[in-house]
Amino acid sequence: MLSDKQKIIFLAIACLVVVISAILIGFFYKEKDFLEIDFLDVGQGDSILIKAPTGQNILIDGGPDNSVLRRLSENLPWWDRQIDLMVLTHPHDDHVGGLIEVLKHYQIKRILYTGVVHSSPSYLAWLEQIKKRNVVLTIIDRPQTIYFSPDCKMVYISPQESLVGKSVTNLNNSSLIAKVEYKKVSALLVGDAEAEIEEGMMARGQDLSAGLIKIGHHGSDTASSEEFIRAVKPSFGVIQVGKDNSFGHPSKRTLKKLERNNVSVFRNDLQGTIRMSSKGDKWQIIP
Ligand SMILES: [Zn+2]
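Heads up, the sequence shown is in full-length UniProt numbering, so the first residue is 1 and it goes up one at a time.
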């Protein structure tokens with residue numbers, strides 16, 4: 001027979017084992033039944049954190065500076081320091097700047113970009129950091145699909161051709177464009193691609209429909225043609241834009257167009273970080 005003291009010790013050990021197991025399960029078992037897309041408030045620039053149902057973290061662009069680090073720590077658990085996939089849509093400063101800091105502070109497993117040529121100091125510094133850290137670098141040089149699980153994938157639909165080693169006249173149009181699909185929902189992430197690229201995608205008859213869209217080029221007039229908005233038919237649109245930016249983004253015409261097409265618009269300059277989630281049937285905003 002156990003004495004009372006032994007019983008208390010036994011109970012305390014049992015409780016400790018349960019607590020430690022729960023922490024370990026939380027730590028290693030990240031799988032869940034929903035997809036989350038956080039449009040991080042990084043001021044004037046793009047940065048999108050996707051949390052796949054399989055537990056992978058995907059970061060598309062990093063905004064202009066190290067404010068992305070704060071946003072990541074606000075939107076990831078403290079122990080999760082891994083970015084499974086880092087994507088650079090195109091090498092303008094308002095997309096690549098913050099990624100340099102992310103490379104220094106997070107464990108990055110793989111990076112996707114187009115390989116386009118650009119000589120800005122921040123792009124070169126980002127490439128230098130990648131080399132230093134030996135991260136796997138994959139070039140997207142044609143439309144292709146990356147699977148996170150059988151029902152969750154990222155479909156790259158632009159650019160149509162390899163940009164490796166090429167200089168382009170308009171870097172915005174070199175943007176990697178991806179459709180993230182989970183069961184019945186999808187989100188179209190268009191970087192800074194302008195109307196010319198939108199026209200090309202429509203002319204090729206690509207399926208652009210998506211319930212959620214990251215509005216192109218920070219809501220500028222150069223993107224989001226009326227035809228394109230109609231082809232996508234989104235219920236929600238997110239504009240990644242900073243307060244009082246010098247570009248006049250988003251344009252009033254774009255906002256009117258979205259309103260006319262019944263798109264519920266969310267903006268980083270007005271609402272801070274925008275978090276959307278889906279169990280695979282419809283999108284909803286996380287307050
Ligand atoms: Zn931009």
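Idealized CB from N, CA, C, for every residue including glycine. Being a predicted model, the structure only gives us computed values, none of them experimental.
Those residues which DSSP pairs with residue i across a bridge
| i | result |
| --- | --- |
| residue 111 | 86, 137 |
| residue 57 | 51 |
| residue 17 | Beta-bridge pairing links residue 17 to no other residue. |
| residue 178 | 156, 189 |
| residue 275 | 38, 286 |
| residue 144 | 156 |
| residue 239 | 267 |
Exposure label - residue i; buried when at least 16 CB within 10 Å
| i | result |
| --- | --- |
| residue 107 | exposed |
| residue 52 | buried |
| residue 113 | buried |
| residue 134 | exposed |
| residue 44 | buried |
| residue 78 | exposed |
| residue 136 | exposed |
| residue 259 | exposed |
| residue 250 | buried |
| residue 181 | buried |
| residue 152 | buried |
| residue 269 | buried |
| residue 47 | buried |
| residue 173 | buried |
C-beta atoms of residue i and residue j nearer than 9 Å
| i | j | result |
| --- | --- | --- |
| residue 220 | residue 194 | yes |
| residue 191 | residue 42 | no |
| residue 164 | residue 122 | no |
| residue 102 | residue 166 | no |
| residue 217 | residue 224 | yes |
| residue 254 | residue 215 | yes |
| residue 31 | residue 54 | yes |
| residue 240 | residue 148 | no |
| residue 160 | residue 200 | yes |
| residue 64 | residue 93 | yes |
Ligand 2 heavy atom lying under 8 Å from the CB of residue i
| i | result |
| --- | --- |
| residue 247 | Of the ligands one can find in the structure shown, namely ligand 1, none is ligand 2. |
Strictly closer than 5 Å from CB to any heavy atom of ligand 1: give me those residues in the order they appear in the chain. 94, 192
Can at least three beta-carbon pairs, one atom from the region 81-99 and one from the region 58-65, be found at a separation below 8 Å? Touching, yes, given that three or more Cβ pairs across the two stretches are closer than 8 Å.
Quick test of the definition: if touching needs 3 or more C-beta pairs under 8 Å, does the region 230-246 touch the region 6-19? no
Is the number of C-beta pairs between the region 97-117 and the region 73-85 that are closer than 8 Å three or more? yes
Check whether the region 197-214 touches the region 176-185, counting contact only when three or more Cβ pairs, one atom from each stretch, lie closer than 8 Å. yes
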